[in-house]
Amino acid sequence: MKYFSTRGDGTSVSFEEAVLTGLAPDGGLFIPEAIPLPPPGWKETWASYSFQQLSEAVLSLYIEESEIPRADLRALIDRSYSTFRAPDITPLKKLNDHLYVLELFHGPTYAFKDVALQFLGNLFEYLLKRRNAKKAPGEEKEKLTVVGATSGDTGSAAIYGLRNKENISIFILHPKGKVSPIQEAQMTTVTDANVHNISVQGTFDDCQDMVKALFGDREFNATHRLGAINSINWARILAQTVYYFLAYFSVRSQIPRGAEIQFVVPTGNFGDILAGYYAKRMGVPMVELVVATNANDILARFWASGRYEKVESAADESAKETLPVNGGSDGKQATDASGVKETLSPAMDILVSSNFERLLWYLAAEANQGADAVIRAGSTVADWMAKVKTDGRVTVPTKVVELARRDFTARSISDRQTLATIERWYTEGPYIADPHTAVGLTAVDLLPKQPNVVRVVLSTAHPAKFSDAVEKALASHKDFNFETEVLPEEFKGLLHKRRRVIEVPAAKLELIKEVIEKEAAKLKTGAQNTSI
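If you're matching positions, the sequence shown starts at 519 in my numbering and goes up one per residue.
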């Protein structure tokens, strides 16, 4: 299996190169040259597999044994998921006969990102060790500088996945004051020498744009051997496809024969739901996937209009109440200078969904079938993304939108509804949902009632990570105690631990480069970065 860029001419690279490079040289994202199908009889053979066994079965379809021997892949998987608290890794919880929650937050940082990033951290280390083992005595060892942006959970999950890894340094950019206190503490209280937290005066999109710019700077990239930890890295998407298989088998064993399954996914960057798309293309039975977004609804607006637009036009915003994808309004909402709306589900507070480009490639390829479909799709996507960068928007052909609607539908949810849903499920469950999971649960209420469809909401984070939203939602419940009912032991005292963070006063690329160069030099001399 080879991989090529969403913006390229089909020139391919190995799995190892796709993982270590992260972002293609032309700015595109790596995708597999084909989407493989499981072996005949997999619905019976794999039904009793554990999460780890399913991981090996699924990942083996995308990773040649010549690249990673099966015994090594199995060891990587076992090591990665040994850190999870739940034996099933991603357990399924039944709320009622037609609704389940797939809990993805049982890893070390209590967020779904652990599923991919525990694996990716071990994979990075494995690939580097193998490369360095081939070096001649005295030859300089290959190192990797991992750079990522986070709106909250990616940062801590990446740090926990890469802390103290040999020959790897990690730099995580987060927007100052725009992640939850627990998320910030999880990142900044890790003091391993190879971990560097950068607090940026700006937005998540600023952070993400600067990360992409670093990868686009060929000289800087080559000097520091940059690696990607965000979901632009193909290995993250691949690892996340596994829990769709596990959920399918878990739900199938509990529902009537003939019932259909629909996955509802809270998503901002489109990575989690894209993994579901790959699982669907591989044969996991499901009806269309549901994109559940908050007020930063670039994805919902795309499915409504076919326009992929960073900031909604004034005319569209005034008419928004008529849109079927909209779940309600919070009225006048705090919006920063870039246009990002500040919500109670901050991990989805983004303007542009990085992984959406991968879906656009498949849509473009299908809309323009032919002998040179790969080349034409790459050229089309490159043009579309250039328009988004220069104009802030692109409108795709009607045929492309129709193809997108075949596999997806979308709903956007307000903060008001998010709070109401948290309160409702605490009362009815009782089940305590974090605000992102509540966005997914609210989206279910906005879908057509279909007696033959069972819905599975992906629960992306533990509610303890978003105390403000949960406590606000449950303020009327006088007996509710956040510390005793929600807060894990690992979080107690976390806010008061020593921190290490580097503050950058503006979202300027040169400032980020200076930090990386300075910290890289410190590591060579054995110095530490500054506590703040």
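Yeah, the Cβ is synthetic: ideal placement off N, Cα and C, and Gly gets one too.
Legend entry - Under the three-state DSSP convention, the category S532 falls into: For the purposes of this step, residue 532 is identified with residue 14 of the sequence shown, where counting begins at 1. S532 falls in the coil class under three-state DSSP.
Inset, instruction - Check whether the Cβ atoms of H616 and R973 lie closer than 8 angstroms to each other. - result: Translated into positions along the sequence shown, residue 616 becomes position 98. Translated into positions along the sequence shown, residue 973 becomes position 455. Result yes, Cβ atoms of H616 and R973 sit closer than 8 angstroms.
Inset, instruction - Check whether the Cβ atoms of I690 and G673 lie closer than 8 angstroms to each other. - result: As a first step, residue 690 is located in the sequence shown; it is residue number 172 there, counting from the start. As a first step, residue 673 is located in the sequence shown; it is residue number 155 there, counting from the start. In this structure, I690 places its C-beta atom within 8 angstroms of the C-beta atom of G673.
Legend entry - Residues bridged to K611 [DSSP beta-bridge criterion]: Taking the sequence shown and counting its residues from 1, one reaches residue 611 at position 93. DSSP output for K611 lists V619 as bridge partner(s).
Legend entry - Assigned exposure category for R736 - 16 Cβ within 10 Å defines buried: Start at 1 with the first residue of the sequence shown, and residue 736 comes out as number 218. Of the other Cβ atoms in all chains shown, fewer than 16 fall within 10 Å of the Cβ of R736; this residue is therefore exposed.
Legend entry - Nearest residue (CA-CA) to T663, options K631, R743, E657, D590: Position 145 of the sequence shown, counting from 1, holds the residue named residue 663. The residue with the shortest Cα to Cα distance from T663 is R743.
Inset, instruction - Kindly confirm or deny that the stretch 747-762 and the stretch 623-643 touch, where touching means at least three C-beta pairs closer than 8 angstroms. - result: In short, these stretches touch, since the Cβ pair count reaches three.
Inset, instruction - Would you kindly check if the distance between the Cβ of T608 and the Cβ of E621 is under 8 angstroms? - result: If you number the sequence shown from 1, residue 621 lands on position 103. If you number the sequence shown from 1, residue 608 lands on position 90. Their beta carbons are under 8 angstroms apart, which means E621 touches T608 by this criterion.
Inset, instruction - Run the CB neighbour count on F522, radius 10 Å, all protein chains shown included, and call it buried at 16 or more, exposed below. - result: Within the sequence shown, the letter at position 4 stands for residue 522. Buried.
Legend entry - Straight-line gap, H714 to G679 (C-alpha atoms, nearest Å): By 1-based counting over the sequence shown, the position of residue 714 is 196. By 1-based counting over the sequence shown, the position of residue 679 is 161. One C-alpha to the other measures close to 14 angstroms.
Inset, instruction - Tell me where the alpha helix (DSSP H) around H714 begins and ends. - result: Position 196 of the sequence shown, counting from 1, holds the residue named residue 714. From DSSP, H714 is part of no alpha helix (DSSP H) but of the beta strand (DSSP E) over 713-718.
Legend entry - Nearest-angstrom Cα separation, counted from I868 out to G857: Locating residue 857 in the sequence shown gives position 339, where the first residue counts as 1. Locating residue 868 in the sequence shown gives position 350, where the first residue counts as 1. When rounded, the distance between both Cα atoms is 9 angstroms.
Legend entry - Residue closest to P557, alpha-carbon to alpha-carbon, out of L1029, Y949, M800, G546: By 1-based counting over the sequence shown, the position of residue 557 is 39. Among L1029, Y949, M800, G546, the Cα nearest to that of P557 belongs to M800.
Legend entry - CA-to-CA distance, I581 to L547, given in whole angstroms: Indexing the sequence shown from 1 puts residue 547 at position 29. Indexing the sequence shown from 1 puts residue 581 at position 63. So the alpha carbons of these two residues sit roughly 17 angstroms apart.
Inset, instruction - List the whole-angstrom C-beta distance separating T955 from M866, where the pair is believed to meet the contact cut-off of C-beta under 8 angstroms. - result: Locating residue 955 in the sequence shown gives position 437, where the first residue counts as 1. Locating residue 866 in the sequence shown gives position 348, where the first residue counts as 1. Actually they do not touch by this definition, with Cβ atoms about 12 angstroms apart.
Legend entry - Proximity of K983 and L937 at Cβ, strictly below 8 angstroms: Along the sequence shown, one-based indexing puts residue 983 at 465. Along the sequence shown, one-based indexing puts residue 937 at 419. Contact flag unset, no.
Inset, instruction - Can you tell me the Cβ-Cβ gap for E585 and E534, rounded? I've got them flagged as a contact below 8 angstroms. - result: As a first step, residue 585 is located in the sequence shown; it is residue number 67 there, counting from the start. As a first step, residue 534 is located in the sequence shown; it is residue number 16 there, counting from the start. With a contact defined as Cβ atoms closer than 8 angstroms, E585 and E534 qualify at about 6 angstroms.
Legend entry - Touch test, the stretch 897-909 against the stretch 769-783, Cβ-Cβ under 8 angstroms, three pairs minimum: A contact between stretches requires three or more CB pairs, one per stretch, nearer than 8 angstroms, and the stretch 897-909 fails this requirement with the stretch 769-783.
Legend entry - Reduced DSSP category for G745 - H, G, I as helix; E, B as strand; rest coil: Counting from 1 along the sequence shown, the entry for residue 745 is found at position 227. The three-state reading of DSSP puts G745 in strand, counting E and B together.
Inset, instruction - May I have the straight-line CA-CA distance separating G786 from F820, to the nearest angstrom? - result: Along the sequence shown, read from residue 1 onward, the residue named residue 786 stands at position 268. Along the sequence shown, read from residue 1 onward, the residue named residue 820 stands at position 302. Distance between the alpha carbons of G786 and F820: 13 angstroms.
Inset, instruction - Label A536 either buried or exposed according to how many other C-beta atoms from any shown protein chain fall within 10 Å of its C-beta, with 16 as the threshold for buried. - result: Locating residue 536 in the sequence shown gives position 18, where the first residue counts as 1. A536 is buried by the Cβ-count criterion.
Inset, instruction - Measure the Cβ-Cβ separation of F722 and P693 and say whether it is below 8 angstroms. - result: The residue labelled residue 722 in the question sits at position 204 within the sequence shown. The residue labelled residue 693 in the question sits at position 175 within the sequence shown. Going by C-beta atoms, F722 is nearer than 8 angstroms to P693.
Legend entry - Burial state of N614, where buried means 16 or more other Cβ atoms lie within 10 Å: Taking the sequence shown and counting its residues from 1, one reaches residue 614 at position 96. Counting other Cβ atoms within 10 Å of its Cβ, N614 stays below 16 and is therefore classed as exposed.
Legend entry - N970 at chain C interface by Cβ criterion, 8 angstroms: In the displayed structure, chain C is absent; only one protein chain is listed.
Inset, instruction - With R592 as the anchor, note down where its alpha helix (DSSP H) starts and where it stops. - result: As a position in the sequence shown, residue 592 is number 74, starting the count at 1. That run of the alpha helix (DSSP H) goes 588-599.
Legend entry - Collapsed DSSP secondary structure at G666 in the structure displayed: If you number the sequence shown from 1, residue 666 lands on position 148. G666: strand per DSSP, three-state reduction.
Legend entry - Buried or exposed by the 16-neighbour rule on C-beta atoms within 10 Å, applied to P953: Numbered from its first residue, the sequence shown carries residue 953 at position 435. So P953 counts as buried.
Inset, instruction - For V918, I'd like the list of residues in its chain whose CB is within less than 6 angstroms of its CB, leaving aside the five on either flank, ordered along the chain. - result: Taking the first residue of the sequence shown as 1, we reach residue 918 at position 400. Result list for V918: L881, A885, in chain order.
Inset, instruction - Any chance you could list the alpha helix (DSSP H) runs of at least 4 consecutive residues sitting entirely within the stretch 886-939, in chain order? - result: Taken in chain order, the complete alpha helix (DSSP H) segments of 4 residues or longer contained in the stretch 886-939 are 891-909, 916-925.
Inset, instruction - If I'm right that N712 touches S687 with Cβ under 8 angstroms, what's the distance once you round it to whole angstroms? - result: For the purposes of this step, residue 712 is taken as residue 194 along the sequence shown, with counting starting at 1. For the purposes of this step, residue 687 is taken as residue 169 along the sequence shown, with counting starting at 1. Rounded to whole angstroms, the Cβ separation of N712 and S687 is 5 angstroms, and the two are in contact under 8 angstroms.
Legend entry - T610 to L964 span [Cα, whole Å]: Mapped onto the sequence shown, residue 610 falls at position 92. Mapped onto the sequence shown, residue 964 falls at position 446. Inspection of the sequence shows that residue 610 is occupied by Leu rather than by Thr. C-alpha separation (whole angstroms): 22 angstroms.
Legend entry - Any non-hydrogen atom of the ligand ADP closer than 7 angstroms to V971 Cβ: Although the ligand ADP was asked about, the structure shown includes no ligands whatsoever.
Legend entry - Whole-number beta carbon distance between L877 and Y796, since they are thought to touch under 8 angstroms: By 1-based counting over the sequence shown, the position of residue 796 is 278. By 1-based counting over the sequence shown, the position of residue 877 is 359. Contact between Y796 and L877 does not hold, since their C-beta atoms are separated by about 10 angstroms, which reaches or exceeds 8 angstroms.
Inset, instruction - Would you tell me roughly how many angstroms separate the C-alpha atoms of T709 and L1029, rounded to the nearest one? - result: In the sequence shown, counting from the first residue as 1, residue 709 sits at position 191. In the sequence shown, counting from the first residue as 1, residue 1029 sits at position 511. If you take the alpha carbons of T709 and L1029, they lie about 22 angstroms apart.
Inset, instruction - Look at W564 and L577 and say whether their C-beta atoms are less than 8 angstroms apart. - result: The count along the sequence shown starts at 1 and reaches residue 564 at position 46. The count along the sequence shown starts at 1 and reaches residue 577 at position 59. Judged by beta-carbon spacing, L577 lies beyond the 8 angstroms limit of W564, meaning their Cβ atoms are not closer than that value.
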